[in-house]
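With my numbering applied, the sequence shown corresponds to residues 1 to 270, in that order.
Where is the CB? At the ideal position from N, CA and C, for every residue including glycine.
Below you'll find the structure, written out as structure tokens, and then a few comments.
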Amino acid sequence: MTRRLVWAVGTCLALACAGFASHPEPAGTVLPSEVPSKPTYATAKAVVRAMGEAGLDCATVRSRDYDGSSTADCVATVDGVKVENEISVFDPDVVSKTEIGTSIESRRTGAYAQTLVAAGNWYIRVMDPPSAPAIAKALRAVVLDAKGKGSKTPEYPLPYIPSTPTYKKADALADDLSASVGCFQRETTSTGSIKCETGKPGSGDSDCAVLTLHPTHARRDTALREAIKYRGVPAELVTAGNWTVNLCDITLGAKVARDLGGVVVAYDGR
Numbered sequence: 001m002t003r004r005l006v007w008a009v010g011t012c013l014a015l016a017c018a019g020f021a022s023h024p025e026p027a028g029t030v031l032p033s034e035v036p037s038k039p040t041y042a043t044a045k046a047v048v049r050a051m052g053e054a055g056l057d058c059a060t061v062r063s064r065d066y067d068g069s070s071t072a073d074c075v076a077t078v079d080g081v082k083v084e085n086e087i088s089v090f091d092p093d094v095v096s097k098t099e100i101g102t103s104i105e106s107r108r109t110g111a112y113a114q115t116l117v118a119a120g121n122w123y124i125r126v127m128d129p130p131s132a133p134a135i136a137k138a139l140r141a142v143v144l145d146a147k148g149k150g151s152k153t154p155e156y157p158l159p160y161i162p163s164t165p166t167y168k169k170a171d172a173l174a175d176d177l178s179a180s181v182g183c184f185q186r187e188t189t190s191t192g193s194i195k196c197e198t199g200k201p202g203s204g205d206s207d208c209a210v211l212t213l214h215p216t217h218a219r220r221d222t223a224l225r226e227a228i229k230y231r232g233v234p235a236e237l238v239t240a241g242n243w244t245v246n247l248c249d250i251t252l253g254a255k256v257a258r259d260l261g262g263v264v265v266a267y268d269g270r
């Protein structure tokens, strides 16, 4: 049985990615009361600059300008963890506060509810929720936690995880995975993880895997619990030391654990 990882929910909602026409305040969801009215920014690039000025450099991966809004994706390092951030900034002369509030609400709810940092006329989707408070502090903003189904990560019990082996580079982990079940078509993500395909090239029988190194055991355990929390989404991971391998093919866990000296952390989706 194989599956495809849910790489991400839609990375931009209609409000952040479409043009606007100025109009009266529509019906919708008001901005949360805890969101401060300032600071405001003219563009998403200005938010990136502000992060840098606050000592939290965020390397821009991509940016876009729209009629009434702008967005930018950037990667910052928070407590040793590379964190991808999706920034959305709105022109208050074009986009109403209610429209921004509706956009925020849609992101915070649902099975894949998102954690945001917000103030003024902007918000940031923080892909690593534990890093949100540091980003909010740097920008004098507030954290808006995800809510509803899938919003919290329960403290699931984990098996005993051996402290070794450890890896200094994700490529070395990928080499060992390749020797076990294959790891070809490697792609290094903006946060330093490696995506690859298990199986044999050209066999027509391959599936995805995501390999990640973690700065601490606590961060590793948080990543494991996050991966196994979504109802209806089976998960098969192998872990030890400072690394995790998230396997799309859930039949490979036992072999990878045996070959790499790790243990399986799995969830059947029920």
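{"query": "Supposed contact pair residue 39 and residue 119 - C-beta distance, whole angstroms, cut 8 Å", "result": "6 Å"}
{"query": "Nearest-angstrom Cα separation, counted from residue 91 out to residue 29", "result": "18 Å"}
{"query": "Helix, strand or coil at residue 252 [DSSP, three-state]", "result": "coil"}
{"query": "Buried versus exposed, by CB contacts within 10 Å (16 or more), residue 22", "result": "Its pLDDT being 43, under 50, residue 22 is placed unreliably by the model, and the measurement read from it follows with that caveat. When all chains shown are included, residue 22 counts as exposed."}
{"query": "8 Å CB neighbourhood of residue 45 in its chain, flanking five on each side removed", "result": "60, 63, 70 and 72"}
{"query": "Whole-angstrom distance between residue 256 and residue 180, CA atom to CA atom", "result": "6 Å"}
{"query": "Residue 130 beta carbon less than 9 Å from that of residue 222", "result": "yes"}
{"query": "Buried/exposed call for residue 68, threshold 16 Cβ in 10 Å", "result": "buried"}
{"query": "Neighbour-count burial assignment, residue 88, 16 or more Cβ in a 10 Å radius", "result": "buried"}
{"query": "Boundaries (first-last residue) of the beta strand (DSSP E) holding residue 82", "result": "81 to 90"}
{"query": "Expected contact under 8 Å - CB spacing of residue 244 and residue 237 to nearest Å", "result": "5 Å"}
{"query": "Supposed close pair residue 161, residue 174 - CB separation, criterion 8 Å", "result": "With a Cβ gap of about 20 Å, residue 161 and residue 174 do not count as contacting."}
{"query": "Alpha helix (DSSP H) runs contained entirely in the segment 202 to 256, provided each spans 4 or more residues", "result": "217 to 227"}
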